[in-house]
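Reading through the C-alpha cells given below for one structure.
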C-alpha cells in the first residue's frame, strides 16, 4: 500500500502555530482572548503517504490542515511544500503552490456555489489557473467526472440535484481538476450516511493509488482513519501528543489520551462491548484559551503525577518511528 | 407489554407530493427493555419516535393510521391535554441537540422544577431537592450551585447530561433518545452511554435508542430494529442481529463500516446506489435497487416483516445465507 512512500517529505511543518484573537464577553467589549488552535507542531508527510489526524472537536486538527495550505494564516513557524516555504510565499507564489495543494471539505453543499453547474464548479479552478479552455476544458471536466464515478452527462446540473455522496464526489473532482500532489481531506465522509461513507472512502483510496496522491486525512472517527492512513497523528489542544505508523498506534497506543480515545470507540460487536473495560475520561477538553500548564492533558489524565502539572512533555521517539509526548510512557512501560 | 406500536403510518405533504415517512411500522417494547433503532437519514427512525410522542410537526405531517398502545392506552386517541400529562412524566424524549429542548433564558433549576411541580405534585422546594439529586446522578459536580446556571454555561456534553437528568427526573417508564450522542466527541459519548447503562440498571427505564452508529447500539441495547425507507426491515435480539443478520441491508451496513475489531481490509464493501425517493416509490421491496440478493419477486411485491425464528423478524424475499449470483 505504501509503495511510493519515502524520500524527502512532500509536506513539512516546523514549529507551526496558528492563533486566533477573539472578542470575549458582551458585544463591543474590548476584552480579547487568544485561541491557541495550533500551538507548535512539527510533522512531515512523505510523498504518497496518507497521514491521519485525529482528536476531539476544538483540538485544532482542522486549523492545522488549513494552515498547511495557508487557508488559515499561521502565526509563527514554517510550512514547507516540496522544499518551498509556503508561509513566506508571495501572492503569486502561493497561487502556484495552491495548484499542487488542494482541499476536500466536510460539507460539500457549503463548499460549492449553488448557482454554478457542476461543469462550472469543476471548471473554475481550471480557469483560475489557466489550465484549459473551450472544448479541452469540457473534455477534462468529463474525464474528471468519470474518474470520481459520476456520469459525465451530469455536467450541466446544479448542486441541489445531487445526493450527499454524489456532491462529495463533485468536491473531489474539483480538488483533482488542477492535478494536485497533496490534498487535505477535512472530515470528508463524516456528513455522509453510513452506506455512502464506504463508497467515498474506496474512491479516495483508489485515487490515491492511481494518481500517487498524498493526503492529510483529518477526521474524528478513529475507525475511518485507521482504514485509510499509513501513519496517524493524535492532537490534543493544539499539539500532537502521539504519532506513529497506523498499526503501531492502534495496537500499542502509548499516550494515555490515545488509549482513552481508542477505548471510547464503540464496536459493533455486542460480545466485545459487554466485556470491554473502558477508560472513561472525566470532564471536557480544557479551553484552548487557557491552556493548562505542564502537560495539556493533565486535567483529564487518570495517570497524571506532579511532574505532569509543571513540566511540558516533549514529543519524542519512544519506540522506533513512534513518538509520544508523555512523561509516564517510559516509566510505565520501559522500552 | 409497555408499548405496542401497530401499523403506524405517518405522512408529510411536500411540494412534490405525499411523502410516507413511516410506512406500516409495528413493534412491541417490553418493560425494562432497551431497543436500538438504526438506519440512515430519511429511514423513518425519528418520525417513528415523534409519532409515538405525538410531536409530528403539523400541518405538513400527519399520523394517518395505526395505534400506539402505551400501558394499554392508545396514545393516538388522546386529546392534547391528556397527551401533555404523558409527555415528560411517563414518556420522556432527548434529542441530538440539547439546546433545541432547553430554554436559553431560564435557569436549569426553573426548567427542572417546572415539570416536577406539574407532573409529580411537588412544591418548589421539594422539586429543587429532587432536581439537584438528579443532576448529581448524571455526574454534574457542584450540582447545588450549577443548577442556578443557564444552559449556555454548560458544555455540549454537560448539556446532554442535564437533558438526561430532566428526562429522568419524573421517573418515566419510557425514555426515547434520538441520536443523543451523535454531535458529541467519542470520549463524551462514552461518558453518556456509560451513564445510561448505569441509569438503566438503577431505574429499569425502558429505552428506545435511535442511532446510526451500530457500535453504540451494540453496547447499550437488548434488541435492534433496522429501518429502511420508512419500514422495519429487520428486528432481532442484539447477539443475533450482529452475528447472523438476515436482511441484505443489515448485512450491507455491517460490511460497509470500517471496524476496529477487525483487521484492515484493502477495500470496504459499500452498499451501492442511494436511498430511494420516499415520494415516488416503485413497487416491490424498497431496498431492491441496491440489493445484490434481489430475486424476481423483490421487484414486484413488497416483502412482509415475518418471523424467521423466535424473536427475529425479517422483511425479505431472498435468503442472505446463500451467496448471490
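Chains as they are written, first to last, in the working numbering: chain A, 1 to 335; chain B, 336 to 660.
Every residue, glycine too, gets a C-beta built ideally from N, C-alpha and C.
Note that the structure is a prediction, hence the values are computed from the model and not measured.
**Item:** Residue-chain proximity (residue 220 (chain A), chain B), Cβ-Cβ < 8 Å
**Value:** By this cut-off, residue 220 (chain A) is an interface position.
**Message:** With distance defined between alpha-carbon atoms, name the residue in A:33, A:40 and A:130 nearest to residue 18 (chain A).
**Reply:** Residue A:40 is the option with its Cα nearest to residue 18 (chain A).
**Asked** Buried or exposed: residue 314 (chain A), going by 16 or more other Cβ atoms within 10 Å of its Cβ?
**Response** When all chains shown are included, residue 314 (chain A) counts as exposed.
**Asked** Of all the residues that make up the region 515-541 of chain B, which are near chain A by a beta-carbon distance shorter than 8 Å?
**Response** Residues 520, 521, 522, 523, 524, 525, 526, 528 and 529.
**Prompt:** Taking the continuous alpha helix (DSSP H) assigned at residue 215 (chain A), which residues delimit it?
**Reply:** Element bounds for residue 215 (chain A): not the alpha helix (DSSP H) but the beta strand (DSSP E), 214-218.
**Request:** Output, in sequence order along the chain, the residues in the region 564-585 of chain B whose CB is closer than 7 Å to any CB in chain A.
**Result:** Hits within the stretch, in order: 573, 574 and 577.
**Item:** Boundaries of the alpha helix (DSSP H) in which residue 431 (chain B) is found, first to last residue
**Value:** No alpha helix (DSSP H) holds residue 431 (chain B); DSSP gives it neither H nor E.
**Item:** Under the three-state DSSP convention, the category residue 33 (chain A) falls into
**Value:** In this structure, residue 33 (chain A) counts as strand in the three-state DSSP scheme.
**Message:** Within 8 Å of any Cβ in chain A, is that where the Cβ of residue 368 (chain B) sits?
**Reply:** False, the Cβ-Cβ gap to chain A never drops below 8 Å.
**Asked** For residue 63 (chain A), which residues from the same chain have a beta carbon less than 6 Å from its beta carbon, with the 5 sequence-adjacent residues on both sides left out?
**Response** The beta carbon of residue 63 (chain A) sits closer than 6 Å to those of 18, 37, 38 and 72, all from its chain and outside the five residues before and after it, given in chain order.
**Item:** residue 356 (chain B) classed as buried or exposed, judged by whether at least 16 other C-beta atoms fall within 10 angstroms
**Value:** Residue 356 (chain B) counts as buried, since no fewer than 16 other beta carbons sit within 10 angstroms of its beta carbon.
**Request:** Counting only runs of 3+ residues fully inside the region 169-196 of chain A, write out the beta strand (DSSP E) ranges in chain order.
**Result:** Considered as a whole, the region 169-196 of chain A harbours 182-186 as its complete beta strand (DSSP E) runs of no fewer than 3 residues, in chain order.
**Request:** Helix, strand or coil for residue 350 (chain B), going by three-state DSSP, please let me know.
**Result:** DSSP places residue 350 (chain B) in the coil class of the three-state scheme, outside both helix and strand.
**Prompt:** DSSP beta-bridge partners for residue 352 (chain A)?
**Reply:** Beyond the ends of chain A as shown, which are 1 and 335, falls residue 352 (chain A); an answer cannot be given.
**Prompt:** Would residue 62 (chain A) count as contacting chain B if we go by Cβ distances under 8 Å?
**Reply:** When Cβ-Cβ separations below 8 Å define contact, residue 62 (chain A) makes no contact with chain B.
**Message:** Tell me which residues share the same chain as residue 161 (chain A) and place their Cβ nearer than 7 Å to its Cβ, disregarding the 5 neighbours each side in the sequence.
**Reply:** Residues of the same chain with a CB within less than 7 Å of the CB of residue 161 (chain A), apart from the 5 flanking positions on each side, do not exist.
**Spatial distance of residue 609 (chain B) from residue 203 (chain A) (CA atoms)** = About 16 Å.
**Item:** Contact test: residue 317 (chain A) Cβ vs the ligand NAP heavy atom, cutoff 7 Å
**Value:** The ligand NAP is not part of this structure, which contains no ligands at all.
**Asked** Can you find a C-beta in chain B that's less than 8 Å from the C-beta of residue 4 (chain A)?
**Response** Caution is warranted here: a pLDDT of 45 is assigned to residue 4 (chain A), below 50, making its placement in the model unreliable, and no coordinate value can be reported.
**Message:** Which residues in chain A have a C-beta closer than 9 Å to the C-beta of residue 627 (chain B)? List them in chain order.
**Reply:** None at all; the shortest Cβ gap to chain A is about 13 Å.
**Request:** Please specify which runs of the alpha helix (DSSP H), each continuous and at least 4 residues long, are wholly inside the region 356-400 of chain B, giving them in chain order.
**Result:** Counting only runs of 4 or more, we get 380-387.
**Item:** Contacting residues, own chain, Cβ-Cβ under 7 Å from residue 335 (chain A) (five flanking each side not counted)
**Value:** In this prediction, residue 335 (chain A) scores a pLDDT of 40, lower than 50, which makes its location untrustworthy; no coordinate-derived value is stated.
**Item:** Residue closest to residue 437 (chain B), alpha-carbon to alpha-carbon, out of B:639, B:450 and B:553
**Value:** Cα-wise, what sits closest to residue 437 (chain B) is B:450.
**Request:** Please report how far the alpha carbon of residue 88 (chain A) lies from the alpha carbon of residue 95 (chain A), in whole angstroms.
**Result:** Roughly 13 Å between the two C-alpha positions.
**Prompt:** By how many angstroms is the C-alpha of residue 191 (chain A) removed from the C-alpha of residue 653 (chain B)?
**Reply:** Linking residue 653 (chain B) to residue 191 (chain A) through their CA atoms gives a straight-line distance of about 31 Å.
**Request:** Could you tell me the distance, in whole angstroms, from the CA atom of residue 179 (chain A) to the CA atom of residue 510 (chain B)?
**Result:** Approximately 52 Å, taken between the alpha carbons.
**Asked** Among B:399, B:369, B:621 and B:411, which has the Cα closest to the Cα of residue 387 (chain B)?
**Response** The shortest C-alpha separation from residue 387 (chain B) is found at B:411.
**Asked** Leaving out five residues before and five after residue 146 (chain A) in sequence, what residues of the same chain have Cβ atoms less than 8 Å from its Cβ?
**Response** Contacts found: 152.
**Prompt:** With a cut-off of 8 Å, does the C-beta of residue 609 (chain B) fall near any C-beta of chain E?
**Reply:** Of the chains in the structure shown, none is chain E; the protein chains are A and B.
**Request:** Please check the pair residue 496 (chain B) and residue 473 (chain B), which I expect to be a contact at CB under 8 Å, by giving their CB distance rounded to whole angstroms.
**Result:** About 4 Å; that satisfies the 8 Å criterion.
**Prompt:** Between the region 193-203 of chain A and the region 606-621 of chain B, are three or more C-beta pairs nearer than 8 Å?
**Reply:** Contact between the region 193-203 of chain A and the region 606-621 of chain B is present, because at least three Cβ pairs lie under 8 Å.
**Distance between beta carbons of residue 108 (chain A) and residue 171 (chain A), contact taken as under 8 Å** = The beta carbons of residue 171 (chain A) and residue 108 (chain A) sit about 4 Å from each other, so the pair counts as a contact at 8 Å.
**Message:** So for residue 112 (chain A), helix, strand or coil by DSSP?
**Reply:** Judged by DSSP in its simplified three-state form, residue 112 (chain A) adopts coil rather than helix or strand.
**Asked** Does DSSP put residue 105 (chain A) in a helix, in a strand, or in coil?
**Response** Coil at residue 105 (chain A), not helix or strand.
**Request:** Take residue 129 (chain A) and list the residues in its own chain whose beta-carbon comes closer than 6 Å to its own, dropping the five residues that flank it on each side.
**Result:** Sequence-distant Cβ neighbours of residue 129 (chain A) in its own chain, meaning closer than 6 Å and more than five residues away, are 99 and 178.
**Message:** Along the chain, where does the alpha helix (DSSP H) containing residue 538 (chain B) start, and where does it finish?
**Reply:** Counting along the chain, the alpha helix (DSSP H) containing residue 538 (chain B) begins and ends at 521-538.
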